Amino acid sequence: MSQSNPFTPTFGTAPPVLAGRADVIGRVSMAMDSGPRHPDYTLVVTGRRGTGKTVLLDVIARSAAEKGWLVLQVAGSDRPDLAANVMQRAHELVRPASWAAPALGFSPEATGSPDGLPDRPVPLPERGDLRSTLTALADQASANGVGVLLTVDELQASAANALRPLASILQHVTRREERPLMFVGCGLPDVARTLLSDPGMTFFHRCARAETSRLTDDEVRFALGEPFTAAGVPVVGAALDAGIAAAVGYPFMIQHIGYAAWERVDGLASTGVSAADMAAAIDVADLAMTQQLVEPVWVGLSAKDREFAIAIATLGGVAEVRELAVRLGWSANTVNAYRRRAIDAGIAVAAGRGRLRFAHQAFERHARSEHALADHDHDATSQSGA
Ligand SMILES: Nc1ncnc2c1ncn2[C@@H]1O[C@H](COP(=O)(O)OP(=O)(O)OP(=O)(O)O)[C@@H](O)[C@H]1O
Ligand SMILES: [Mg+2]
0 MSQSNPFTPT FGTAPPVLAG RADVIGRVSM AMDSGPRHPD YTLVVTGRRG TGKTVLLDVI
60 ARSAAEKGWL VLQVAGSDRP DLAANVMQRA HELVRPASWA APALGFSPEA TGSPDGLPDR
120 PVPLPERGDL RSTLTALADQ ASANGVGVLL TVDELQASAA NALRPLASIL QHVTRREERP
180 LMFVGCGLPD VARTLLSDPG MTFFHRCARA ETSRLTDDEV RFALGEPFTA AGVPVVGAAL
240 DAGIAAAVGY PFMIQHIGYA AWERVDGLAS TGVSAADMAA AIDVADLAMT QQLVEPVWVG
300 LSAKDREFAI AIATLGGVAE VRELAVRLGW SANTVNAYRR RAIDAGIAVA AGRGRLRFAH
360 QAFERHARSE HALADHDHDA TSQSGA
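Numbered as in numbering that gives the first Met the number 0, the sequence shown ends at 385 without a single skipped number.
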């Protein structure tokens, strides 16, 4: 097979085909067309690691740019800080081609490019602070029948001090003055309860919410199968089914499984992907999931969070709150608090009333191996102490 591997087993890279997410993309598009009073004009999207938040933000940003909007994209993890980065992006903006009339106070002759391409900057107040800069941008966009989209990825990585000024600006410019400055932010599930519940964060707290939830099996079938179909590579039905089952709706897993399967059939396009190829690809993807997703999450857990996860594993991977309380000897309140924390950390998902299961088998395997390790250490200690 000479064609290069279309799958994208890296964070933040646009997949060969985007599965699902039509609902949130539709909501954002409606909001863009409706204006600042639309509830989804200010939106916070939460989702577990590797579920496609960055990719979603990029899709939204691209569709805004296609509508002729001004787009500012920053991330909470970027340094030096959020406000400085938004300001920097504002200064890098180029006048959209669709802006026929030169913006107010702007002389096209002075800075227009010789080849007539619309790569002239959008004029900004000379010594403006962030609020006056964003206000000027929104006004110019509005005069041209569009708006400004600000996206902030990785909200959880931003310090509260850095987010507060942005909250206050958005509250004034978008909410009170109803200027077309749209906001879409993304973060891990617990931002809503931690960072955004801070008293200075009322703006974010009141934003509409969406989730990059687990993809359905049909969506996974499309994301995993379509790139092979498009390349004319057959995938055995049972192999595709096995891949779908192993992905458990995780975009990150889909890309890793697809990538590894594609690598295996390299040069054997005529025979396509067999069940054995897929099984081997799933092993490779499982390892990536453990190393890149499970271990980083596990490292961030407290001792009690780990104890909780191990208890779910020892109960077979699916557990009732009641059973967990008995197993751990904790009160129902404590179990419920840790249930919430496990869900927010992306380890577990609710499985019906009062039930909980691992979000992916890689978490369960990891919890089991940690448990075995703890037992081993315990045995070793008691033997050496004897
Ligand atoms: N809708 C989708 N369909 C298919 N693949 C997707 C989709 N969304 C994301 N992916 C793929 O999943 C992987 C993870 O996506 P992304 O980096 O956007 O996740 P994330 O939620 O931002 O993760 P993190 O929280 O770690 O930043 C990437 O390989 C990406 O190509
Ligand atoms: Mg991301």
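C-beta atoms are modelled at their ideal positions from N, C-alpha and C, and glycine is treated no differently. These figures come from a predicted structure and were not determined experimentally.
Distance cut-off 7 Å: Gln387 Cβ against heavy atoms of ligand 1: Here the chain has residues from 0 to 385 only, and residue 387 is not among them.
Leu239 Cβ short of 7 Å to ligand 1 heavy atom set: As a position in the sequence shown, residue 239 is number 240, starting the count at 1. False, no ligand heavy atom lies under 7 Å from that Cβ.
DSSP beta-bridge partners of Arg354: Translated into the one-based positions of the sequence shown, residue 354 becomes position 355. According to DSSP, Arg354 bridges with Glu319.
Contact the segment 42-52 vs the segment 246-255: 3+ CB pairs below 8 Å: yes
Beta-carbon contacts of Phe221 that lie in its chain and below 6 Å, excluding the five residues immediately before and after: One-based indexing of the sequence shown puts residue 221 at position 222. Result list for Phe221: Ala18, in chain order.
Rounded separation between Val183 and Glu218 - CA only: Along the sequence shown, read from residue 1 onward, the residue named residue 183 stands at position 184. Along the sequence shown, read from residue 1 onward, the residue named residue 218 stands at position 219. Rounded to the nearest angstrom, the two C-alpha atoms are 24 Å apart.
Any non-hydrogen atom of ligand 1 within 7 Å of Leu17 CB: Here residue 17 is taken as the residue at index 18 of the sequence shown, counted from 1. Yes, the beta carbon of Leu17 sits closer than 7 Å to at least one heavy atom of ligand 1.
Pair within 8 Å by beta-carbon distance, Glu153 and Ser76: If you number the sequence shown from 1, residue 153 lands on position 154. If you number the sequence shown from 1, residue 76 lands on position 77. Result yes, Cβ atoms of Glu153 and Ser76 sit closer than 8 Å.
Test item: CB-CB of Ile281 and Ala366 under 8 Å: Here residue 281 refers to the residue found at position 282 when the sequence shown is read from its first residue. Here residue 366 refers to the residue found at position 367 when the sequence shown is read from its first residue. Not in contact: Ile281 and Ala366 (Cβ atoms no closer than 8 Å).
Beta-carbon proximity list for Cys206, same chain, < 8 Å, skipping 5 on both sides: For the purposes of this step, residue 206 is taken as the residue at position 207 of the sequence shown. If we look at Cys206 and ignore the five residues flanking it on each side, its Cβ neighbours are Thr41, Leu42, Val43, Phe182 and Gly184.
The segment 139-159 contacting the segment 189-203, beta-carbon criterion three pairs below 8 Å: yes
Helix, strand or coil at Leu148 [DSSP, three-state]: Here residue 148 refers to the residue found at position 149 of the sequence shown. The answer is strand: DSSP assigns Leu148 an E or B state.
Residues of its chain near Gly199, where Cβ-Cβ distance is below 6 Å and the 5 sequence neighbours each way are ignored: Within the sequence shown, numbered from 1, the residue matching residue 199 stands at position 200. Result list for Gly199: Arg163, in chain order.
Closer than 7 Å: Ala193 CB and nearest ligand 1 heavy atom: Here residue 193 corresponds to residue number 194 of the sequence shown, with the count starting at 1. In the sequence as displayed, the identity of residue 193 is Thr instead of Ala. No, Cβ of Thr193 sits at least 7 Å from all heavy atoms of ligand 1.
Identified DSSP bridge partners for Gly186: Counting from one through the sequence shown, the residue named residue 186 turns up at place 187. Paired residues: Thr45.
Which of helix, strand or coil DSSP assigns to Val121: Your numbering for residue 121 matches position 122 in the sequence shown. Coil.
Same chain, Cβ closer than 8 Å to Ile311, neighbours up to 5 away in sequence not counted: The residue given as residue 311 occupies position 312 in the sequence shown. Closer than 8 Å at the Cβ level, and outside the excluded window around Ile311, lie Val317, Ala318, Leu323, Ala341, Ala347, Leu355, Arg356, Phe357, Glu363 and Ala366.
Which of helix, strand or coil DSSP assigns to Glu108: For the purposes of this step, residue 108 is taken as residue 109 along the sequence shown, with counting starting at 1. Low local confidence applies: a pLDDT of 43 at Glu108 is under 50, so the model's placement there is unreliable, with the coordinate-based value given in what follows. Correct three-state label for Glu108: helix.
Cβ pair count under 8 Å reaching 3, the segment 171-180 against the segment 9-28: no
Own chain partners of Glu369 with C-beta closer than 7 Å, once the 5 adjacent residues on each side are dropped: Residue mapping note: residue 369 aligns to position 370 of the sequence shown, counting from 1. Excluding positions up to five away in sequence, the list reads Arg305 and Ile309.
Gly345 Cβ short of 7 Å to ligand 2 heavy atom set: Start at 1 with the first residue of the sequence shown, and residue 345 comes out as number 346. Result no, Cβ not under 7 Å from ligand 2.
Unbroken alpha helix (DSSP H) run spanning Gln254, endpoints: For the purposes of this step, residue 254 is identified with residue 255 of the sequence shown, where counting begins at 1. Start and end: Pro250 to Arg263.
Exposed unless 16 or more other CB atoms sit within 10 angstroms - verdict on Met86: Here residue 86 refers to the residue found at position 87 of the sequence shown. Buried is the call here.
Beta-carbon proximity of Ile256 to Asp216, cut-off 8 Å: As a first step, residue 256 must be located in the sequence shown, where it is residue number 257. As a first step, residue 216 must be located in the sequence shown, where it is residue number 217. Not in contact: Ile256 and Asp216 (Cβ atoms no closer than 8 Å).
Val73 versus Ser97 - alpha carbon distance: Locating residue 73 in the sequence shown gives position 74, counting from the first residue. Locating residue 97 in the sequence shown gives position 98, counting from the first residue. Looking at the two C-alpha atoms, the distance is approximately 24 Å.
Spatial distance of Pro14 from Pro5 (CA atoms): Reading the sequence shown from its first residue, position 15 is the one you call residue 14. Reading the sequence shown from its first residue, position 6 is the one you call residue 5. Spanning the two alpha carbons is a distance of roughly 8 Å.
Gly299 beta carbon near ligand 2 (any heavy atom closer than 7 Å): The residue you call residue 299 lines up with position 300 of the sequence shown. No - ligand 2 has no heavy atom lying nearer than 7 Å to the Cβ of Gly299.
Distance cut-off 7 Å: Leu187 Cβ against heavy atoms of ligand 1: Taking the sequence shown and counting its residues from 1, the one referred to as residue 187 is at position 188. Flag set: Cβ of Leu187 near ligand 1.
Same chain, Cβ closer than 6 Å to Pro233, five either side skipped, listed in chain order: Taking the sequence shown and counting its residues from 1, one reaches residue 233 at position 234. So the list reads Gly271, once near-sequence residues are dropped.
Residues that Ala142 bridges to, as DSSP identifies them: Taking the sequence shown and counting its residues from 1, one reaches residue 142 at position 143. In the DSSP output, where bridge partners are listed per residue, Ala142 has none listed.
Assigned exposure category for Arg208 - 16 Cβ within 10 Å defines buried: Counting from 1 along the sequence shown, the entry for residue 208 is found at position 209. Arg208 should be labelled exposed.
DSSP state of Leu2 mapped onto helix, strand, coil: For the purposes of this step, residue 2 is taken as the residue at position 3 of the sequence shown. Residue identity check: residue 2 is Gln in the sequence provided, not Leu. In this structure, Gln2 counts as coil in the three-state DSSP scheme.
Met29, buried or exposed, once every other Cβ within 10 Å from all chains shown has been counted against 16: In the sequence shown, residue 29 corresponds to position 30, counting from 1. Label assigned to Met29: exposed.
Heavy atom of ligand 1 within 7 Å of Ala366 beta-carbon: Taking the first residue of the sequence shown as position 1, residue 366 is located at position 367. No, the Cβ of Ala366 stays beyond 7 Å of every heavy atom of ligand 1.
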